[in-house]
Ligand code: AHG
Ligand code: MN
Ligand code: MN
């Protein structure tokens, strides 16, 4: 994994394994302990991860009572005594993330699925920030109304522009290999925050009784192989021929089909149990539907850091793609390394066949 801030290996970097296993380790403690692993250990990255953790707790609180809010009768005017509760949850999540990141001034700009352009973060005091953050504030938001898991995805990059001036779009249009940290929060049966800074992947489950994310999944490793595939098979007839044939093969091999429709949830399951997630091109989305910068790249960094692979259907590594637009879409195949290799070999073999 090429990241700009990771120190070379063998530097005694903090790993989950180096933290005693017999006591509670909070996300904040883990982040602070890991700070020394970075070349530029100014505390900015630590602060950013902490800000995202705080925003995740606030979003979690609203996600958990989303149904209740509706039952209690949100007024048609969209206003009630407690203010923004009636906003669509993805707008709410977006606002909270931006708010938390702006308050501390640990990053100089953010970009979100919910905003067309980048948003500059005003300098707080004399602090000059070297980082930009981008996110999908609520992934799988159509699942909210039916009590199905949703998530938040984030990616952090070191800015390329001069820290004395404003951030630019170029700070965001960097290949995924330049991510210095990436992660997601899954608001599921329990809420878990999973992140990497290029030194492996760790997961922190929210303990609601103390309001803290606690280290629960140390040094996560994706299974080499799996028995399930995850794709919106409803679009089968809209997929390219080789993808249709690959899906036929999955079925012939008795692989189970699992598709939640929220990428965070589908990829989290695969990270833990193994499998492959696919979002190929369709007639509606010839370039793929998912967004490279705040969906595919951060999840690819996580999966690669856990020993998995992520490519697009042109068989290019996702993290090597050089983006040209903030909201660029791409195709993706991500998951257990043996399954991604198998897909790659299948497409190579299939496209070599005479028409
Ligand atoms: P979002 O809610 O952020 O717009 O993302 C939804 C994405 C992704 O999470 C999911 O995998 C995919 O859209 C589902 O798309 P289909 O309904 O086309 O399968
Ligand atoms: Mn999404
Ligand atoms: Mn979204």
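In the working numbering, the protein residues as written are 1 to 355.
Virtual Cβ for every residue (Gly too), placed ideally from N, Cα, C.
Residue 123 to residue 129 span [Cα, whole Å]: 8 angstroms
Helix, strand or coil for residue 259 per DSSP? coil
Tell me the DSSP secondary structure of residue 151 in three-state form. strand
Residue 107 in three-state terms, based on DSSP: coil
What residue range is occupied by the uninterrupted beta strand (DSSP E) comprising residue 309? 309 to 311
Residues sharing a beta bridge with residue 201, DSSP: 196
Is residue 207 helix, strand or coil by DSSP? strand
I need the boundaries of the alpha helix (DSSP H) containing residue 337, first residue and last residue. 337 to 352
Determine, using beta-carbon pairs with one atom in the segment 314 to 327 and one in the segment 182 to 200, whether at least three such pairs fall under 8 angstroms. no
Would you say the segment 284 to 302 touches the segment 204 to 218, given that touching needs at least three Cβ pairs under 8 angstroms? no
Please classify residue 163: is it buried, with 16 or more other beta-carbons within 10 angstroms of its beta-carbon, or exposed? exposed
For residue 299, which residues in the same chain have their Cβ closer than 6 angstroms to its Cβ, ignoring the five residues on either side in sequence? 267
According to DSSP, residues forming a beta bridge with residue 174: Residue 174 is not bridged to any residue.
To the nearest angstrom, how far is it from the Cα of residue 245 to the Cα of residue 323? 30 angstroms
Pick from 171, 146 and 182: whose alpha carbon is nearest that of residue 49? The option with the nearest alpha carbon to residue 49 is 182.
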